[in-house]
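Colleague:
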Amino acid sequence: MKRLIGLSAVGALLASGTASARDGDNINLYRYVLDMDVPESPALVALEEAPLRVLLGAAPKPVMATVLASAAPETLSPGLGLDIAPYFLFGGGIRSLSSYRSNSVAGRLMRVLTKTTVSAALLPDTSGGGPWRVGFGLRTTFHDPHDPVLNSPLPERVAEELERHGVPPPADSDEDVSGRGADLSALFDQAEREMRSRSGDLQVSAGWGVSARTEGGVFTGDGLRDTRHTLWMTGQAALGRRFDALATVQGLDVFRSGRALRAGVGVQRKTSVADFRAELAFDGTDQRFHPGAAIDVKLPGCTSALASLTTAPGTTEDAPVLRGQLQLRWYFAQCR
1 MKRLIGLSAV GALLASGTAS ARDGDNINLY RYVLDMDVPE SPALVALEEA
51 PLRVLLGAAP KPVMATVLAS AAPETLSPGL GLDIAPYFLF GGGIRSLSSY
101 RSNSVAGRLM RVLTKTTVSA ALLPDTSGGG PWRVGFGLRT TFHDPHDPVL
151 NSPLPERVAE ELERHGVPPP ADSDEDVSGR GADLSALFDQ AEREMRSRSG
201 DLQVSAGWGV SARTEGGVFT GDGLRDTRHT LWMTGQAALG RRFDALATVQ
251 GLDVFRSGRA LRAGVGVQRK TSVADFRAEL AFDGTDQRFH PGAAIDVKLP
301 GCTSALASLT TAPGTTEDAP VLRGQLQLRW YFAQCR
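Going by my numbering, the sequence shown opens with residue 1, and the numbers climb by one from there.
(1) Let me know if ARG323 comes out buried or exposed under the rule of 16 or more other beta-carbons within 10 Å of its beta-carbon.
(2) Quick test of the definition: if touching needs 3 or more C-beta pairs under 8 Å, does the segment 94-108 touch the segment 41-57?
(3) Starting from the Cα of ALA238, find the closest Cα among ARG277, ASP201, PRO60 and give me that residue.
(4) Report the CB separation of LEU231 from VAL254 in whole angstroms; it is logged as a contact under 8 Å.
(5) Roughly how many whole angstroms lie between the Cα atoms of GLU194 and HIS143?
(6) For ARG242, which residues of its own chain have a beta-carbon under 8 Å away from its beta-carbon, when the five flanking residues on both sides are left out?
(7) Taking 8 Å as the cut-off, does the CB of ALA182 come closer than this to any heavy atom belonging to the ligand GTP?
(8) Looking only at its own chain, which residues have a Cβ that is under 6 Å from the Cβ of TYR87, when we skip the five neighbours before and after it?
(9) Select from GLY258, GLU215, GLY223 the residue whose C-alpha is nearest the C-alpha of HIS229.
(10) Roughly how many angstroms separate the alpha carbons of ARG22 and GLY235, rounded to a whole number?
(11) Quick check: the Cα distance between GLU48 and GLY207, rounded to an integer number of angstroms?
(12) In three-state DSSP terms, what is ARG329?
(13) Measure the beta-carbon distance from PRO62 to VAL33 and round it to whole angstroms, keeping in mind my assumption that it falls under 8 Å.
(14) How many Å lie between GLY266 and ALA247 at the Cα?
(15) Applying the 10 Å Cβ sphere with the 16-neighbour rule, what's the burial state of VAL149?
(16) For ASP286, which residues of its own chain have a beta-carbon under 6 Å away from its beta-carbon, when the five flanking residues on both sides are left out?
(17) Curious, which full-length alpha helix (DSSP H) runs of at least 4 residues does the segment 185-266 contain?
(18) Between ASP125 and THR214, what straight-line distance do the alpha-carbon atoms span, to the nearest angstrom?
(19) Along the chain, which unbroken stretches of the alpha helix (DSSP H) at least 4 residues long are found entirely within the segment 92-123?
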């Protein structure tokens, strides 16, 4: 019954969004997803397989797939992750521009809904405690001043450019308006610069995730054990077009006696080719500070390669161990 009520509520919200898109100024939100600030997969955060502990606060992409390999002393662990926004999955991107920009309670809640993703991840259990480690997560962005639909005239500029080139208005269902005889790359580049240069603006996101070990096969196993719940909140403040300050607080294993707190700060330096991050986080599980660094290189076709190096708590009271990770990510955005 609770599940039915939840699905009914989501359906009502999606229906209201579709209905409001008939007001005459309707757009498809997913035409304007910029190729910048791709946050971590919440399922991988729950599995302690995020590249860094200080997380990005930016809004998620509607879809993201991650292939990864983590290396620690005497272990090498591959993994897979998939994130998707339910709003995107059920075709809710067609909205009235005026309703999306509304600061009413309904308008704000709908913006949060569009930036909510669910996530799943799977890794082999190299510790020998079970065949597989699985993770599930939920992430949303509560405050996003770097939203180009909300805080820039990008939709109007795109419409004007298409009209100037004599291109018929795209259908509501069209999520990509490139390749129609009008070069829109300069407009998207300008929107990225404008959003990045909103100095002082703070993006705020939060997430929940659960990880566990399977008793048997991932689909045919007898159940799950060693279940751990993680909660977190993270903020990302623009210090200018090229620099961001980051801060994250996490509650680890929050529903069991072994719960601990983790908190850290970091900085991100952005370039047109790659983003560089450095962090320092305090981990309550071993009462130590842990540094970390990462580079995220943009590749063609809405993909990026992310390499990170951090220290992590040891399995005993020994000194921290060095941990490296490589991720290859594909995501939905307007990439050029």
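Heads up, the beta-carbon is just placed ideally off N, CA and C, and yes, glycines get one too.
Modeller: Considering the structure as presented:
(1) Around the Cβ of ARG323, a 10 Å sphere holds 16 or more other Cβ atoms; the residue is buried.
(2) No: the two stretches stay apart, fewer than three of their Cβ pairs being nearer than 8 Å.
(3) Of the candidates ARG277, ASP201, PRO60, the one whose C-alpha sits nearest the C-alpha of ALA238 is ASP201.
(4) The Cβ separation is near 6 Å, so the contact holds.
(5) If I take the Cα positions, the gap works out to 17 Å.
(6) The beta carbon of ARG242 sits closer than 8 Å to the beta carbons of ARG196, ARG269, LYS270, THR271 from its chain, once the five residues preceding and following it are set aside; these are given in chain order.
(7) Ligands are entirely absent from the displayed structure, and the ligand GTP is therefore not among its contents.
(8) Excluding positions up to five away in sequence, the list reads LEU113, THR114.
(9) The shortest Cα separation from HIS229 among GLY258, GLU215, GLY223 belongs to GLY258.
(10) Caution applies to ARG22, whose pLDDT of 41 falls short of 50 and renders its modelled position unreliable; the model cannot decide the point.
(11) The alpha-carbon atoms of GLU48 and GLY207 are separated by roughly 14 Å.
(12) The answer is strand: DSSP assigns ARG329 an E or B state.
(13) About 6 Å; that satisfies the 8 Å criterion.
(14) In a straight line, the C-alpha of GLY266 is about 6 Å away from that of ALA247.
(15) Residue environment for VAL149: buried (at least 16 other C-beta atoms within 10 angstroms of its C-beta).
(16) If we look at ASP286 and ignore the five residues flanking it on each side, its Cβ neighbours are PRO313.
(17) You should have 185-196.
(18) Cα to Cα, the separation comes out at about 9 Å.
(19) DSSP runs (the alpha helix (DSSP H)) wholly in the segment 92-123: 97-100, 105-114.
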